[in-house]
Amino acid sequence: MKLNKHSIFTSVADCSEFKKKVNNLIDQKSKGNSLTHLKNILFFREDIFGFIENDKFMLWQYSWFWTGLFYPIVKGEIISNEEKYYVKMEAKLNLLGNVFCFLLIGMVFWAMTSMVHLRLDNYSLTQIALSLLGVSPWIIALYLIVRHNKIKFLKQLMLKLNLKNVW
Numbered sequence: 095m096k097l098n099k100h101s102i103f104t105s106v107a108d109c110s111e112f113k114k115k116v117n118n119l120i121d122q123k124s125k126g127n128s129l130t131h132l133k134n135i136l137f138f139r140e141d142i143f144g145f146i147e148n149d150k151f152m153l154w155q156y157s158w159f160w161t162g163l164f165y166p167i168v169k170g171e172i173i174s175n176e177e178k179y180y181v182k183m184e185a186k187l188n189l190l191g192n193v194f195c196f197l198l199i200g201m202v203f204w205a206m207t208s209m210v211h212l213r214l215d216n217y218s219l220t221q222i223a224l225s226l227l228g229v230s231p232w233i234i235a236l237y238l239i240v241r242h243n244k245i246k247f248l249k250q251l252m253l254k255l256n257l258k259n260v261w
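Numbering of the sequence shown is given in my numbering, commencing with residue 95 and proceeding in unit increments.
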C-alpha cells in the first residue's frame, strides 16, 4: 500500500459506525465530477460535498476565502483485515485546480522556451534568468498553498471523525 505525506492510515473499531460518521459529515451528496466542482467555484458553495459507496468515499469542501480554486478532495477507502478495519484517506487537488496548475506551468514553460528561441534578437541570458526568478516564487507559493490546504482538510476530517493516524 502506497502512502505519501498527504495520506492517513488509521484503524476503526466498527465499519458501520465509521460509515455513519462520514455520512453525517456530508451536507450534500454528490459525485465528484467536473461540473460539480465548477458549480462549487462559481456559486461559492461551502458545504461539505461527497459520497460513500460500499467501502469507498470521497469528501470535499470549497472555501472562497482560504482555498479558492485549490480546494482539496479527500478520497478514502475502508480496508478489512481479519477482524480489524483500516481507513486510508488521501488528499488530492480537485480537477479544476489541477487543470489550472497545468495551464500555468505550461504558460511559464512556453514563455521560457520562446524567450530562449528569440534570445538572439531581443533578450539576453540575464533577462531570461531574471524573468525565471520572478516567476519561480509564484509557482512555489502556489504549491505551498495547495499542500497546506490538503493537510489542513485532512486534519479537520480527522478531528470530526475522531481518528488517529497509525503511521
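All C-beta atoms in this analysis are idealised placements derived from N, C-alpha and C, irrespective of residue type, glycine included.
Whole-number beta carbon distance between residue j and residue i, since they are thought to touch under 8 Å
| i | j | result |
| --- | --- | --- |
| Val229 | Val202 | 5 Å |
| Phe112 | Ile172 | 7 Å |
The beta strand (DSSP E) enclosing residue i, as first and last residue numbers
| i | result |
| --- | --- |
| Leu153 | 150-155 |
| Leu187 | 178-187 |
| Lys169 | 166-175 |
| Gly144 | 142-147 |
Classification of residue i by the beta-carbon crowding that lies within 10 angstroms, buried from 16 upward
| i | result |
| --- | --- |
| Pro166 | buried |
| Leu97 | Only weak support is given to the placement of Leu97: the predicted model assigns it a pLDDT of 47, under 50, and the value that follows is read from those uncertain coordinates. Classification of Leu97: exposed, given that the 10 Å Cβ count is below 16. |
| Ile234 | exposed |
| Phe143 | buried |
| Ile199 | exposed |
| Met95 | At Met95 the pLDDT is 44, less than 50, meaning the model places this residue with poor confidence; the figure from the coordinates comes in the next sentence. It is exposed - the Cβ of Met95 has fewer than 16 other Cβ atoms within 10 Å. |
| Gln155 | buried |
| Asn243 | buried |
| Leu153 | buried |
| Glu147 | exposed |
| Asn188 | buried |
Span of the alpha helix (DSSP H), counted from its first residue to its last, around residue i
| i | result |
| --- | --- |
| Phe138 | Note, Phe138: premise wrong, no alpha helix (DSSP H); not H, not E. |
| Leu119 | 109-119 |
Beta carbon of residue i nearer than 8 Å to that of residue j
| i | j | result |
| --- | --- | --- |
| Ser105 | Lys178 | yes |
| Val168 | Leu251 | yes |
| Val116 | Leu255 | yes |
| Ile239 | Phe164 | yes |
| Leu226 | Cys195 | no |
| Phe145 | Lys114 | no |
| Glu140 | Ser157 | yes |
| Leu132 | Leu190 | yes |
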